[in-house]
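There are 2 protein chains.
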Amino acid sequence: MSKLPTVEDVALAAGVSRQTVSNVINSPAIVRESTRERVEQAIADLGYRPHMAARRLRTQRSSTIGIHLDPYAGGISGVVLDRFVHALTERAGERGMRIQLYAARTPTEEIAKMGELSDGGEIDAVVITGTFHGDPRTRWLAERGIPFVAFGRPWGDDDVEAPAHLWVDVDGAAGTRAATEHLLSLAGPRLAFLGWPSGSGTGDDRERGWVEAMAAADASGPRYVCEESVGQARALVGGILAAGPDIDGIVCVSDSLAIGAHLAATEAGRGDFPVVGFDNTPPAEALGISSVEQLPEQVAAGVLELLMGPSGSVIAPRRAEAGAAHVLVTPRLVVR
Amino acid sequence: MSKLPTVEDVALAAGVSRQTVSNVINSPAIVRESTRERVEQAIADLGYRPHMAARRLRTQRSSTIGIHLDPYAGGISGVVLDRFVHALTERAGERGMRIQLYAARTPTEEIAKMGELSDGGEIDAVVITGTFHGDPRTRWLAERGIPFVAFGRPWGDDDVEAPAHLWVDVDGAAGTRAATEHLLSLAGPRLAFLGWPSGSGTGDDRERGWVEAMAAADASGPRYVCEESVGQARALVGGILAAGPDIDGIVCVSDSLAIGAHLAATEAGRGDFPVVGFDNTPPAEALGISSVEQLPEQVAAGVLELLMGPSGSVIAPRRAEAGAAHVLVTPRLVVR
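First to last, the sequence lines map onto chains A and B.
With the working numbering as the guide, the letters of the first sequence map in order to residues 761 to 1096.
With the working numbering as the guide, the letters of the second sequence map in order to residues 761 to 1096.
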């Protein structure tokens, strides 16, 4: 590697002391303007850049946000998180922040990893994803005083008025409501809902949108339940269509279930049977299935706003107080 | 945050000087064994961890590898790269290395970003992806002497005997050969190839596998060309099947084209028409289409081996010399 210019090179070129160069970089207000301009010119001419490790020690800030990457588990649902990491990297870069990845297979491993990175001064904050009831990570982070934002609500608490921590999430009920309203106007009033077994915060939230939109339209339809599996949904919906109940379309809790439903309908010679999914994944796009788009780019923007303020360049998280401590992104229906 | 133990705390607990603690951490060989054991015990008892920024300054190493995340562009092909980043993060973590992401929209932006990170001592090496003919990044990295490995061949040069740089890639021809041999035994000798327009290194490499396997079996079939688009492939194959040429199956250059072909066949009432894709993406899995799996986990292992040796924990790239400077991963056909 070609030798990089040092602070000594800058001092020599500008005809000042090493300390003066350091002052220009760290406390420019105390340096006479003509001197400062000369030093800044030398910095520009030489292409000098302060070593980040030195800056980290001096400022006690790493300007780095840690984020966990789940092990790849197959299936299609990881796409939203991957898009979120992409968007977070882009937006964080615009604010001079770095994104550092870490791997962990369990919450316990993730806690150990976060502790190691935080103790070593390698990260100033973390973003956690996939929050769940009784999540040990959020309690640990709060106790350690490590700034963090969750992509995902603190399910089971009073998320909005007394949020346990800063969070950004997608308004699943609003998404399914939009999907249901679309199918009501397109297909008719007898819309089924194909959901996951009760008890998952995300699934229950999405189902609520269907319940509300159907009630508002004085419509009704059956509710079916299925695991998150294209094959199971295909078999279930195949049986439903063969039995011939009188339904006009199916609102699905996920793209996996919507794809299964669409494939079953196609096999039954009804390729145009109205189905809507959730997550707007590449397979839904490829099959021409309408779906609710989570807008991961807006989630990423919300995370940085909670951590750094609307336009800040250092970590200064908002206090987790009523109303001010969350961002709820309204998803968008993509009609195909 | 609870106050972390410092080197002074360790020195006090072990009854030694600060310098001795530093020696135990950085040059343990020069410390008497009984003293070293006492200091190590104090480090363990207190849970002391050296500040990474200080270690970075001292060692002039960041223990960090940079990798570019492309902006999310939709479609299904990004999945392989995302899986690669997942695997790289896991395996790098096992070797004590960090993965830092950066965003850039053009090769020029990527070069500027790599320069900034390298100048600031923030990364010890980079991994670049999506290499292409005349790629300016590889030349720039070589000139700057920044250790790097490419996921992707230096297309157009003598990649194996005189490689321009270290690289890991997937043997596309071997993948398509396996796919073709499978369809030959399953479906019959008249196999078409559905590929991209000539001129892309990846596409031409994959087509070669079909050519070779067909020649070895004394078989022949037509070659069709299409852009990387589910819709275009669907329309094209729909027309082909309607015209009724005598083909037993289609080997496709990508999952997008295989999905389009499969959908066209399903619409024509031939849902079991043999089709094989490439990349083993979630949509292919969801539709039950056989596909060639790139094994991104092996690519990640290959990248680290070229950068760090078989089991090293510091960047020590192999020299880019004949034969020794690449890892070619043989992909695996996933039959569905």
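No residue lacks a Cβ here, since even glycine has one placed at the ideal position from N, Cα and C.
1. I need the straight-line Cα distance from A1021 (chain B) to L946 (chain B), nearest angstrom please.
2. I need the boundaries of the beta strand (DSSP E) containing V1013 (chain B), first residue and last residue.
3. Can you give me the start and stop residues for the alpha helix (DSSP H) that S1051 (chain A) sits inside?
4. Go through its chain and collect everything with a Cβ distance to L772 (chain A)'s Cβ below 6 Å, but skip five positions before and after it.
5. Going by other Cβ atoms of all chains shown within 10 Å of its Cβ, with 16 needed for buried, is G775 (chain A) buried or exposed?
6. Quick check: the Cα distance between V1089 (chain A) and V985 (chain A), rounded to an integer number of angstroms?
7. Of all the residues that make up the stretch 843-859 of chain B, which are near chain A by a beta-carbon distance shorter than 9 Å?
8. Whole-angstrom Cβ separation of V1074 (chain A) and V928 (chain A), contact assumed at under 8 Å?
9. Name the two residues that bound the continuous alpha helix (DSSP H) containing H942 (chain A).
10. Can you look up G961 (chain A) in the DSSP assignment and give me helix, strand or coil?
11. Run down chain A in chain order and give the residues with a C-beta less than 8 Å from the C-beta of M874 (chain B).
12. Give a yes or no on whether the C-beta atoms belonging to A802 (chain A) and V767 (chain A) are separated by under 8 Å.
13. Taking G908 (chain B) and V930 (chain B) to be in contact with their CB atoms under 8 Å, please state how far apart those CB atoms are, rounded to whole angstroms.
14. For L1064 (chain B) and chain A, any beta-carbon pair shorter than 8 Å?
15. Just to confirm my understanding: we take R983 (chain B), look at its own chain, exclude 5 residues before and 5 after, and list those with CB closer than 6 Å. What are they?
16. Chain B beta carbons: is any one of them nearer than 8 Å to that of E882 (chain A)?
17. So, with DSSP's three-state summary, where would you put H1086 (chain A)?
18. Which stretch, first to last residue, makes up the beta strand (DSSP E) that contains R820 (chain A)?
19. Could you name each continuous alpha helix (DSSP H) segment of 4 residues or more that falls completely within the stretch 823-878 of chain B, going from the start of the chain to the end?
20. Closer than 7 Å by beta-carbon distance: list the chain B residues that pair up with V1095 (chain A), in chain order.
21. Pick helix, strand or coil for A977 (chain B), following the three-state DSSP scheme.
22. At a Cβ threshold of 8 Å, is T1026 (chain B) touching chain A?
23. If you draw a straight line from the alpha carbon of E1065 (chain A) to that of V971 (chain B), how long is it in whole angstroms?
24. Between the beta-carbon of A1024 (chain B) and the beta-carbon of G969 (chain B), is there less than 8 Å?
25. Can you tell which of A:S823, A:Q820, A:F844 has the C-alpha that lies nearest to the C-alpha of D830 (chain B)?
26. Is the shortest distance between the beta-carbon of M761 (chain A) and the beta-carbons of chain B less than 8 Å?
27. H828 (chain A) to Q860 (chain A), Cα distance in whole Å?
28. Apply the 10 Å Cβ neighbour rule to V1052 (chain B) and answer buried if 16 or more other Cβ atoms are within range, or exposed otherwise.
29. Would you give the residue range spanned by the beta strand (DSSP E) that I888 (chain B) belongs to?
30. Using the Cβ count rule (16 or more neighbours within 10 Å means buried), how would you classify I790 (chain B)?
Here's the rundown:
1. Cα to Cα, the separation comes out at about 18 Å.
2. Secondary structure note for V1013 (chain B): it is in no beta strand (DSSP E), with a DSSP letter that is neither H nor E.
3. According to the DSSP assignment, S1051 (chain A) belongs to no alpha helix (DSSP H) but to the beta strand (DSSP E) extending over 1050-1053.
4. Spatial neighbours of L772 (chain A) in its own chain (CB-CB distance under 6 Å, excluding positions within 5 residues in sequence) are not present.
5. By the 10 Å Cβ count, G775 (chain A) comes out exposed.
6. A direct Cα-to-Cα measurement between V1089 (chain A) and V985 (chain A) gives close to 26 Å.
7. Per Cβ criterion, the list reads R843, V845, H846, A847, L848, T849, E850, R851, A852, G853, E854, R858, I859.
8. About 19 Å separates the Cβ atoms of V1074 (chain A) and V928 (chain A), ruling out a contact at the 8 Å cut-off.
9. For H942 (chain A), the enclosing alpha helix (DSSP H) covers residues 932-946.
10. Looking at G961 (chain A) - three-state DSSP - the assignment turns out to be helix.
11. Those within 8 Å of M874 (chain B) in chain A number zero; the least Cβ separation is about 12 Å.
12. When the beta-carbon positions are compared, A802 (chain A) and V767 (chain A) stay at least 8 Å from each other.
13. A small fix is needed here, since residue 908 (chain B) is Phe in this sequence, not Gly. Not really, about 18 Å apart at Cβ, beyond 8 Å.
14. No, L1064 (chain B) lies away from the interface with chain A (no Cβ there is under 8 Å from its Cβ).
15. Closer than 6 Å at Cβ, skipping near neighbours: F953.
16. E882 (chain A) has a beta carbon lying within less than 8 Å of a beta carbon in chain B.
17. In the structure shown, H1086 (chain A) adopts extended strand secondary structure according to DSSP, grouped into three states.
18. Looking at the sequence itself, residue 820 (chain A) is Gln, so the reference to Arg does not match. No beta strand (DSSP E) contains Q820 (chain A), which DSSP labels as neither H nor E.
19. Entirely contained in the stretch 823-878 of chain B, the alpha helix (DSSP H) runs reaching 4 residues are, in chain order, 838-854.
20. In chain order: nothing, as chain B lies at least about 16 Å away.
21. Correct three-state label for A977 (chain B): coil.
22. Yes, T1026 (chain B) lies at the interface with chain A (some Cβ there is under 8 Å from its Cβ).
23. Here the C-alpha atom of E1065 (chain A) lies approximately 54 Å from the C-alpha atom of V971 (chain B).
24. Result no, Cβ atoms of A1024 (chain B) and G969 (chain B) do not sit closer than 8 Å.
25. Closest option to D830 (chain B), Cα to Cα, is A:F844.
26. Any reading at M761 (chain A) must be qualified, since the residue scores a pLDDT of 39, below 50, and its modelled position is unreliable; no value is offered.
27. Distance between the alpha carbons of H828 (chain A) and Q860 (chain A): 9 Å.
28. Its Cβ being crowded by 16 or more others within 10 Å, V1052 (chain B) is buried.
29. Run containing I888 (chain B): 885-889, per the beta strand (DSSP E) assignment.
30. The residue in question, I790 (chain B), is exposed, as its Cβ has fewer than 16 Cβ neighbours within 10 Å.
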